[in-house]
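Going by our numbering, the sequence shown opens with residue 298, and the numbers climb by one from there.
For every residue, glycine included, the Cβ atom is placed at its ideal position computed from N, Cα and C.
Please read all numbers here as calculations on a predicted model, not as lab measurements.
Written out below as structure tokens is the structure these notes cover.
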Amino acid sequence: MKGSLWQTIRHLLPYFRPHLGSLLIVLLCTSLLTGSALLRPHILKFIIDEAVVNQSYEQLHQAFLLFVGVLAAGIGLGYGQIKVSANIGLSIVQQLKQELYSHVLRLDLSHFNQNQVGWYLSRVESDTEQLKQFCSNITVRMLLDAFTFFAILITLYLTDPQIASWMGGILIILLCLVMLLMTRIRPLYDVVRTRYAKLTGFLSEYIHGAEIIQVFNRNKEVQKELEILGQERYDSEIKASFAEYGTWALFSFVTETCLFAVILYFGLAKIHSGEMSLGTLILFLEFSRQMTWPIHSFSENFNRLQRSTVAAQRVFSLLHTQDKVKDLVLDPGGKISFDKIELEKVFFQYKEDEWAIEDLNLSFQKGEKIAFVGASGGGKSTTINLLCRFYDPVTGSILVDDEDLRLRSLSAWRRSIGLVLQDVFLFPGTVLDNLRAFREDISRDSVIWAAKELGSHRYIEKFPDGYDTVLQERGANLSQGERQLLSFTRAWIAQPELLILDEATANIDPYTELILQESLDRLLADRTAVVIAHRLTTIEKVDRIYVMSKGKLVESGSHQELLQRKGEYFDLFELQKENAL
Ligand SMILES: Nc1ncnc2c1ncn2[C@@H]1O[C@H](COP(=O)(O)OP(=O)(O)OP(=O)(O)O)[C@@H](O)[C@H]1O
Ligand SMILES: [Mg+2]
298 MKGSLWQTIR
308 HLLPYFRPHL
318 GSLLIVLLCT
328 SLLTGSALLR
338 PHILKFIIDE
348 AVVNQSYEQL
358 HQAFLLFVGV
368 LAAGIGLGYG
378 QIKVSANIGL
388 SIVQQLKQEL
398 YSHVLRLDLS
408 HFNQNQVGWY
418 LSRVESDTEQ
428 LKQFCSNITV
438 RMLLDAFTFF
448 AILITLYLTD
458 PQIASWMGGI
468 LIILLCLVML
478 LMTRIRPLYD
488 VVRTRYAKLT
498 GFLSEYIHGA
508 EIIQVFNRNK
518 EVQKELEILG
528 QERYDSEIKA
538 SFAEYGTWAL
548 FSFVTETCLF
558 AVILYFGLAK
568 IHSGEMSLGT
578 LILFLEFSRQ
588 MTWPIHSFSE
598 NFNRLQRSTV
608 AAQRVFSLLH
618 TQDKVKDLVL
628 DPGGKISFDK
638 IELEKVFFQY
648 KEDEWAIEDL
658 NLSFQKGEKI
668 AFVGASGGGK
678 STTINLLCRF
688 YDPVTGSILV
698 DDEDLRLRSL
708 SAWRRSIGLV
718 LQDVFLFPGT
728 VLDNLRAFRE
738 DISRDSVIWA
748 AKELGSHRYI
758 EKFPDGYDTV
768 LQERGANLSQ
778 GERQLLSFTR
788 AWIAQPELLI
798 LDEATANIDP
808 YTELILQESL
818 DRLLADRTAV
828 VIAHRLTTIE
838 KVDRIYVMSK
848 GKLVESGSHQ
858 ELLQRKGEYF
868 DLFELQKENA
878 L
């Protein structure tokens, strides 16, 4: 805890720097609040020992006014302190959230294989919320509590060292016990947070897969699983809260009883012998009540601090995750044009001991079209992922004009590639936004002109609002064929140096297929392209076909050559022909 607390403070310190002025105000308010808390019992003592004893209405009046004044000042200072510190917390958390968002968006794909979407949401949304408490009131309140506690102890010590020493001894022992118990409660909150993340993760997966779950009638099972996860989270929360508040209630009771007993035991004897006034006894009793409050508050905040530290560890570990795919070169702007791309002895794995790509060697020239075919899981998409540099090879390299791809600018490379995937990704926004990928430098007219060139204009025009049709999330209000058409047009507008295409497998009606095929032919003409083909008829014209199986290249050649060889490609071809019949 200690190490991680210091680490949290160290990580957060730079975020506090712009708020130094506000921090000073908070500290000032805190000190004045402590002062006002200390003054009140003294006023009570003055009323009893002076005003009442002297039977002076004047003194009573003054004391009353002072008491009300101190109370009002306390309320004002408390309000100011909470407002300023909350502001600090909010703006720090806002900044952290933005940093996290942009960091997560830039992370390379290998990270997303390990975690569910909900995991990231929980880091960005709920962990930062926990940190807000750390940055605003927790630290200030703990400071205030410690200030108040020790100030009262010193005042009491100066008034009566004997009783104050006893009280101090009892309180320190109890405080240590509270701290010890609270460190035991910490793991319980860890469980709560893990279960919460599991629940949100499950929920977001469920929402993504809603169609499939409904089609397969798995609603009941999913609901049951959700109920179990919800109950588990609830149970862990109840357990943790019960442990926390139960501990506090017990200690509050024990502390107040012990302090009262000590004060009354020594105080009454001292009053009897004339060593102590009644006002001083009241002062002690009042302060003893005020002392248990900071302990409660301190222990509660200590607990929150622990939770915040756990949250901070998660937030900063995400914020400091290093990408495996590194952009080592300054972006020169523009696209990377090339004459030849070569994969040389490429090995790649997602999981240890399991090669997804093994010893892949191939090359293609500018203007050539190559295709990958093969059974599912053969490594076709993985090869594309490597070409896009979503991952880097474990060994071997991808060479662009004999230079390792890792030594070229990643941003420039990504700009040079047009990626058209089976599962077309569309952003929420208009058709126009999607076609120009939110690049404002591409004018509406040039988008329409390009769409006309590709032949998709007449279909886009027929959308309800044409180019201004608002797309729902992932283009849910379009048919699959329409989505494909948009993704072809998007790639066409970008005019990539290398087009990578994972051909759609879904059954599209023959009419739409014809439209798509026309646009696709236009898109591919005179372009360097890598195609994953599922229907072999579409790749008869490519320069070279690579057949992949279990991560390895098993055959390569033109359509005719491969058919003559009567190997795996021939079998695949025959199989598709039979199915088509
Ligand atoms: N994100 C991932 N994490 C772990 N393993 C993966 C991941 N993606 C693919 N794999 C594994 O790598 C191997 C190659 O998969 P890949 O997706 O490249 O196959 P594919 O040839 O594209 O298959 P398909 O025709 O079904 O699309 C498979 O064994 C697959 O299970
Ligand atoms: Mg694939």
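Which runs of the alpha helix (DSSP H) fall wholly inside the segment 389-440 and span at least 4 residues, in chain order? 406-411, 414-418 and 425-430
Just mark Ile560 as buried or exposed, buried being the case when its beta carbon has 16 or more other beta carbons within 10 Å. Against the sequence shown, residue 560 aligns to sequence position 263. Per the 10 Å Cβ criterion, buried.
Taking the alpha helix (DSSP H) that Lys567 belongs to, which residues open and close that run? On the sequence shown, position 270 is the one that residue 567 refers to. Lys567 -> alpha helix (DSSP H) spans Asn516 to His569.
Mind the definition here: the segment 689-707 touches the segment 630-643 only if three or more C-beta pairs lie below 8 Å; say whether that holds. yes
Compute the distance between the beta-carbons of Gly576 and Asp346, then report whether it is under 8 Å. Locating residue 576 in the sequence shown gives position 279, where the first residue counts as 1. Locating residue 346 in the sequence shown gives position 49, where the first residue counts as 1. Judged by their CB atoms, Gly576 and Asp346 are nearer to each other than the 8 Å cut-off.
How many Å lie between Lys621 and Asp405 at the Cα? To locate residue 621, count along the sequence shown from 1; it is residue 324. To locate residue 405, count along the sequence shown from 1; it is residue 108. Those two C-alpha atoms are separated by around 7 Å.
Would you mind stating whether Met479 and Asn600 have Cβ atoms separated by less than 8 Å? Counted from its first residue, the sequence shown places residue 479 at position 182. Counted from its first residue, the sequence shown places residue 600 at position 303. Against a cut-off of 8 Å, the Cβ pair of Asn600 and Met479 comes out as a contact.
Which residues in the same chain have their Cβ closer than 6 Å to the Cβ of Val488, if we skip the five residues on either side of it in sequence? For this step, residue 488 is matched to residue 191 along the sequence shown. Closer than 6 Å at Cβ, skipping near neighbours: Ser533.
Enumerate, from N- to C-terminal direction, the unbroken alpha helix (DSSP H) stretches of 4 or more residues contained entirely within the segment 702-750. 707-713 and 728-732
Could you pull the start and end residues of the beta strand (DSSP E) that Asp656 belongs to? Residue numbering aside, residue 656 sits at position 359 when the sequence shown is read from its first letter. Element bounds for Asp656: Glu651 to Gln662.
Express the C-alpha separation of Pro338 and Lys567 in angstroms, rounding to a whole number. As a working note, residue 567 is residue 270 in the sequence shown. As a working note, residue 338 is residue 41 in the sequence shown. Spanning the two alpha carbons is a distance of roughly 19 Å.
Using a Cβ distance threshold of 8 Å, determine whether the segment 424-444 contacts the segment 581-599, with at least three qualifying pairs required. Touching, yes, given that three or more Cβ pairs across the two stretches are closer than 8 Å.
The beta strand (DSSP E) enclosing Gly693, as first and last residue numbers: In the sequence shown, counting from the first residue as 1, residue 693 sits at position 396. Gly693 -> beta strand (DSSP E) spans Thr692 to Val697.
Under three-state DSSP, which class holds Phe584? The sequence position of residue 584 within the sequence shown is 287, counting from 1. Residue state, collapsed to three classes: helix.
Cross-strand partners of Gln646 (DSSP beta bridge): Within the sequence shown, residue 646 is the residue found at index 349, counting from 1. Partner(s): Trp652.
Could you tell me whether any Cβ in chain D is nearer than 8 Å to the Cβ of Ala609? You won't find chain D in this structure, because it holds only one protein chain.
Any idea which residues DSSP pairs Tyr843 with across the strands? Here residue 843 refers to the residue found at position 546 when the sequence shown is read from its first residue. Partner residues in the beta bridge of Tyr843, as assigned by DSSP, are Phe669 and Ser853.
Which first and last residues belong to the alpha helix (DSSP H) in which Asp624 is found? Your numbering for residue 624 matches position 327 in the sequence shown. Here Asp624 belongs to no alpha helix (DSSP H), and DSSP marks it neither H nor E.
Inspect the beta-carbon positions of Arg483 and Glu529 and report whether they are closer than 8 Å. As a first step, residue 483 must be located in the sequence shown, where it is residue number 186. As a first step, residue 529 must be located in the sequence shown, where it is residue number 232. No.
Boundaries (first-last residue) of the alpha helix (DSSP H) holding Ala507: Counting from one through the sequence shown, the residue named residue 507 turns up at place 210. Its alpha helix (DSSP H) spans residues Ala507 to Val512.
Which of helix, strand or coil DSSP assigns to Asp689: Your numbering for residue 689 matches position 392 in the sequence shown. It is coil, neither helix nor strand.
Reference Phe870, options Lys536, Ile836, Trp789 and Glu426, closest by Cα: Numbered from 1 along the sequence shown, position 573 holds the residue referred to as residue 870. Considering only alpha carbons, the answer is Ile836.
For ligand 1, I want to know if Met845 counts as a neighbour, meaning its beta carbon is within less than 7 Å of at least one of the ligand's heavy atoms. Residue mapping note: residue 845 aligns to position 548 of the sequence shown, counting from 1. For ligand 1, at least one heavy atom lies less than 7 Å from the Cβ of Met845.
Which of the three DSSP states, helix, strand or coil, is assigned to Lys342? The residue given as residue 342 occupies position 45 in the sequence shown. DSSP places Lys342 in helix when its eight states are reduced to three.
Using alpha carbons as the reference points, say which of Ile829, Ile385 and Val350 lies closest to Gly318. Working through the sequence shown from its first residue, we reach residue 318 at position 21. Measuring from the Cα of Gly318, the nearest candidate turns out to be Ile385.
Any residue with its C-beta under 7 Å from a non-hydrogen atom of ligand 2 counts. Can you list them all in chain order? Lys677, Ser678, Asp799 and Ile829
So what does Thr825 bridge to, in DSSP terms? As a working mapping, residue 825 is identified with position 528 in the sequence shown. Thr825 is bridged to Leu795.
Three-state secondary structure assigned by DSSP to Glu641: Working through the sequence shown from its first residue, we reach residue 641 at position 344. Glu641 falls in the strand class under three-state DSSP.
Tell me where the alpha helix (DSSP H) around His754 begins and ends. Here the question's residue 754 lines up with position 457 in the sequence shown. From DSSP, the alpha helix (DSSP H) with His754 extends over His754 to Ile757.
To the nearest angstrom, how far is it from the Cα of Ser462 to the Cα of Ser594? Locating residue 462 in the sequence shown gives position 165, counting from the first residue. Locating residue 594 in the sequence shown gives position 297, counting from the first residue. Roughly 22 Å between the two C-alpha positions.
Going by DSSP, what residues sit across from Val349 in a beta bridge? Indexing the sequence shown from 1 puts residue 349 at position 52. Val349 is not bridged to any residue.
For Arg862, which option in Glu875, Val844, Lys874 and Asn876 has the closest C-alpha, if you only look at C-alpha atoms? Here residue 862 corresponds to residue number 565 of the sequence shown, with the count starting at 1. When only C-alpha atoms are compared, the closest one is Val844.
CB of Arg819 within 8 Å of CB of Leu751, strictly: Within the sequence shown, the letter at position 522 stands for residue 819. Within the sequence shown, the letter at position 454 stands for residue 751. It is a contact, given that the beta carbons lie within the stated cut-off.
Is the closest heavy atom of ligand 1 to the C-beta of Lys648 under 7 Å? Here residue 648 is taken as the residue at index 351 of the sequence shown, counted from 1. The answer is yes for Lys648.
Based on Cα-Cα distance, which residue from Val607, Arg841 and Ala334 lies nearest to Leu859? By 1-based counting over the sequence shown, the position of residue 859 is 562. Ranking the options by Cα distance to Leu859, first place goes to Arg841.
Quick one: give me the first and last residue of the alpha helix (DSSP H) that Ser678 is part of. Within the sequence shown, numbered from 1, the residue matching residue 678 stands at position 381. Lys677 to Leu684 is the span of the alpha helix (DSSP H), which, as asked, contains Ser678.
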